[in-house]
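Residue numbers (my numbering): -10 to 342.
Glycine residues also receive a C-beta, built at the ideal position from the N, C-alpha and C atoms.
Just so you know, these numbers come straight off a predicted model, no measurement behind them.
In what follows, a structure is listed as structure tokens, so that the remarks can point back to it.
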Ligand SMILES: [Zn+2]
């Protein structure tokens, strides 16, 4: 079995000076925590904030890549960068954590197919087409008014080029219309690296049953996100009523602006502690979303994409990646076979690489 988490925003945290070679009291992901959680491989997503303009987005992506490159050099006895299924399995055989790269937000290619090709050469295996704002490639699901009504003409070129480069297209975050456009124009399976089921929680970031079925029919996988807001409408309502998240955004922005300032760091940790003290859904809610997706499309098209280090709060019992294995134990308790658990744990996603 190979256990893979297809979406962690850890490069942003490395950029905020976290050393992931050691156990961190705060924070969701570091290599010791991954070992404890039995996680063999991970996609580190280079998350590009949608507020950044085209040039700033590209240079920020380079900064994240540079920080990660230094980290991987410093942690070569614990982990290794990989780009394929074979390399990931070889890393596992050597006891090393396999680290794949993803790029979250196509704004970083600055409307340039040569830049897209360069990211692929630098090891990026998937690109999330957009984040919470429309970009040159397609519409995001977040704004109320569409810009393109799906994929832009340039977005269609991006889809064709990603197919040619064997780069996975990530449909998490994009609008429903953009999702159906991607399915129409892509000649290869596409993935949702960190998305939940809309039938269980109404957030528009989640996928409808029809979308999940269409994704699976094309050979793709939905990797269930651990964010309580996407897992559970009750939590989403409590969080929104609490006002903590809006206040927390300002505190986080201060921290990002100067991560070396201990007071700003402590203020952000205090917000995280406040969120953690809320009544949160159990980690078993993740298994509910897995059950639902499996009931629609079978265990061959479902997996796990936590969104750790990109989310400010987690389900209870799943406080960080060191707890990862309990979700597999829960699936076993629910009657999944070892073979099906292996598929969901990482086998399905690895097969697409
Ligand atoms: Zn995301």
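Legend entry - Top-ranked residue by Cα proximity to residue 3, from -5, -10 and 20: Position 14 of the chain shown, counting from 1, holds the residue named residue 3. The residue with the shortest Cα to Cα distance from residue 3 is 20.
Inset, instruction - Report the rounded CA-to-CA distance for residue 197 versus residue 169, giving the unit in angstroms. - result: What you label residue 197 is simply residue 208 of the chain shown in a count that begins at 1. What you label residue 169 is simply residue 180 of the chain shown in a count that begins at 1. If you take the alpha carbons of residue 197 and residue 169, they lie about 12 Å apart.
Legend entry - Per DSSP, the bridge partner or partners of residue 158: The residue you call residue 158 lines up with position 169 of the chain shown. Answer is 116, bridged to residue 158.
Legend entry - Cβ pair residue 204, residue 159 closer than 8 Å: Locating residue 204 in the chain shown gives position 215, where the first residue counts as 1. Locating residue 159 in the chain shown gives position 170, where the first residue counts as 1. No, these two residues do not count as a Cβ contact at 8 Å.
Legend entry - Whether residue 327 touches residue 18 by CB criterion (8 Å): Here residue 327 corresponds to residue number 338 of the chain shown, with the count starting at 1. Here residue 18 corresponds to residue number 29 of the chain shown, with the count starting at 1. No, they are not a contact pair.
Legend entry - Beta-carbon proximity check, residue 302 vs residue 342, cutoff 8 Å: Numbered from 1 along the chain shown, position 313 holds the residue referred to as residue 302. Numbered from 1 along the chain shown, position 353 holds the residue referred to as residue 342. No.
Legend entry - Closest residue to residue 279 among 321, 258 and 249 (Cα-Cα distance): Numbered from 1 along the chain shown, position 290 holds the residue referred to as residue 279. The candidate whose alpha carbon is nearest that of residue 279 is 321.
Legend entry - For residue 176, the three-state DSSP class (helix, strand or coil): Working through the chain shown from its first residue, we reach residue 176 at position 187. In the structure shown, residue 176 sits in coil (DSSP, three-state: anything other than H, G, I, E or B).
Inset, instruction - Have a look at residue 75 and residue 228 and give me their C-alpha separation to the nearest angstrom. - result: Here residue 75 refers to the residue found at position 86 of the chain shown. Here residue 228 refers to the residue found at position 239 of the chain shown. Using only the alpha carbons, I get a separation of about 42 Å.
Legend entry - Same chain only: Cβ atoms within 6 Å of residue 121, ignoring 5 sequence neighbours per side: For the purposes of this step, residue 121 is taken as residue 132 along the chain shown, with counting starting at 1. Cβ neighbours of residue 121 beyond the five flanking positions: 39, 129 and 131.
Inset, instruction - With DSSP as the reference, label residue 272 as helix, strand or coil. - result: Here residue 272 corresponds to residue number 283 of the chain shown, with the count starting at 1. Looking at residue 272 - three-state DSSP - the assignment turns out to be coil, as it is neither helix nor strand.
Inset, instruction - Give the secondary structure of residue 260 by DSSP, where H, G and I count as helix, E and B as strand, and everything else as coil. - result: For the purposes of this step, residue 260 is identified with residue 271 of the chain shown, where counting begins at 1. Residue 260: helix per DSSP, three-state reduction.
Legend entry - Secondary structure of residue 9, DSSP reduced to three states: Here residue 9 refers to the residue found at position 20 when the chain shown is read from its first residue. The answer is coil: DSSP assigns residue 9 none of H, G, I, E or B.
Legend entry - residue 93: CB within 7 Å of a non-hydrogen atom of ligand 1: Sequence index remark: in the chain shown, residue 93 carries index 104 (1-based). Answer for residue 93: yes, Cβ within range of ligand 1.
Legend entry - Cβ neighbour criterion (16 or more within 10 Å) applied to residue 85: The sequence position of residue 85 within the chain shown is 96, counting from 1. It counts as buried.
Inset, instruction - Tell me whether residue 147 is buried or exposed, calling it buried when 16 or more other Cβ atoms sit within 10 Å of its Cβ. - result: Looking up residue 147 in the chain shown gives position 158. Classification of residue 147: buried, given that the 10 Å Cβ count is 16 or more.
Inset, instruction - Return yes when at least one heavy atom of ligand 1 lies under 7 Å from the C-beta of residue 129, else no. - result: Start at 1 with the first residue of the chain shown, and residue 129 comes out as number 140. No.
Legend entry - residue 161: CB within 7 Å of a non-hydrogen atom of ligand 1: Taking the chain shown and counting its residues from 1, the one referred to as residue 161 is at position 172. Yes, ligand 1 has a heavy atom inside 7 Å of this Cβ.
Inset, instruction - Report the three-state DSSP secondary structure of residue 70 (helix, strand or coil). - result: As a working note, residue 70 is residue 81 in the chain shown. Correct three-state label for residue 70: strand.
Legend entry - Coil, strand or helix - residue 292 by DSSP: The residue you call residue 292 lines up with position 303 of the chain shown. In this structure, residue 292 counts as strand in the three-state DSSP scheme.
Inset, instruction - Pick out whichever of 162, 22 and 221 has its Cα sitting closest to the Cα of residue 11. - result: By one-based count along the chain shown, residue 11 stands at place 22. Here the closest residue by C-alpha is 22.
Inset, instruction - Consider the C-beta atom of residue 299 and the heavy atoms of ligand 1; say whether any pair is separated by less than 7 Å. - result: As a first step, residue 299 is located in the chain shown; it is residue number 310 there, counting from the start. Residue 299: yes, Cβ under 7 Å from ligand 1.
Inset, instruction - Using 7 Å as the cut-off, classify the Cβ of residue 183 as near or not near the heavy atoms of ligand 1, replying yes or no. - result: To locate residue 183, count along the chain shown from 1; it is residue 194. Yes - ligand 1 has a heavy atom lying nearer than 7 Å to the Cβ of residue 183.
Inset, instruction - Could you pull out every residue in the same chain whose Cβ sits closer than 6 Å to the Cβ of residue 14, ignoring the five residues on either side in sequence? - result: Taking the first residue of the chain shown as position 1, residue 14 is located at position 25. Contacts found: none.
Legend entry - Residues sharing a beta bridge with residue 213, DSSP: In the chain shown, residue 213 corresponds to position 224, counting from 1. Beta-bridge pairing links residue 213 to 293.
Inset, instruction - Would you mind giving the Cβ-Cβ distance between residue 290 and residue 188, rounded to the nearest angstrom? I have them listed as a contact below 8 Å. - result: Here residue 290 refers to the residue found at position 301 when the chain shown is read from its first residue. Here residue 188 refers to the residue found at position 199 when the chain shown is read from its first residue. In fact, because the Cβ distance is near 15 Å, the residues do not count as touching under 8 Å.
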